[in-house]
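The structure appears right after this line, and notes come after that.
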Amino acid sequence: MKNSLFALPLALAAIAVAAAPAAAQGRNCAPRDAVVKRLAEKFGESRQSIGMGQQGMVMETFASADTGSWTITVTTPNGMTCLVASGQSYEVLAEALPNTDTDA
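With mature numbering (1 follows the signal peptide of the UniProt record, and there is no 0) as the guide, the letters of the sequence shown map in order to residues -18 to -1, 1 to 86.
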């Protein structure tokens, strides 16, 4: 059940990791401490999930229970954090795996 809480963020991890090199070239990156502080102060977001990606990259989802805003970040091994996606209406889900039994 706990694993299902990370289903959406981890599903997006592949997208996030693939997009990280492109995002790093833009102005959407900064040292991790600065990004985390800004997400907390400006949007009231705190870390909700974390996952490891390719090449030592770390994907994190930040969200606010009060406003529903969310942000997905990818942090490179050198400590630079890039914003990959953001939006509204964040919800924590605990869905069961679908039945994959084909003997029905």
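Positions of the beta carbon are idealized from the N, C-alpha and C atoms, including for glycine.
I need the straight-line Cα distance from residue i to residue j, nearest angstrom please.
i, j, result
"residue 14", "residue 84", "46 Å"
"residue 80", "residue 10", "36 Å"
"residue 6", "residue 77", "In this predicted model, residue 6 has a pLDDT of only 47, less than 50, meaning its place in the structure is not dependable; the value taken from the coordinates is given anyway. Distance between the alpha carbons of residue 6 and residue 77 is about 33 Å."
"residue 69", "residue 59", "26 Å"
"residue 75", "residue 21", "22 Å"
"residue 45", "residue 35", "20 Å"
"residue 3", "residue 48", "For residue 3, the predicted model reports a pLDDT of 49, less than 50, meaning its position is unreliable and no value from the coordinates is stated."
"residue 38", "residue 61", "11 Å"
If contacts are defined as beta-carbon pairs under 8 Å, then residue i and residue j qualify, I think. What distance do you get, rounded to the angstrom?
i, j, result
"residue 41", "residue 33", "5 Å"
"residue 17", "residue 82", "Residue 17 to residue 82, Cβ: 38 Å. No contact."
Helix, strand or coil: how does DSSP classify residue i here?
i, result
"residue 35", "coil"
"residue 18", "helix"
"residue 42", "strand"
"residue 6", "Annotation note: pLDDT 47 at residue 6 (below 50); position unreliable, coordinate value reported separately. Reduced to three states, the DSSP call for residue 6 is helix."
For the candidate residues the options, whose alpha-carbon lies nearest to that of residue i?
i, options, result
"residue 73", "12, 24, 19 and 53", "53"
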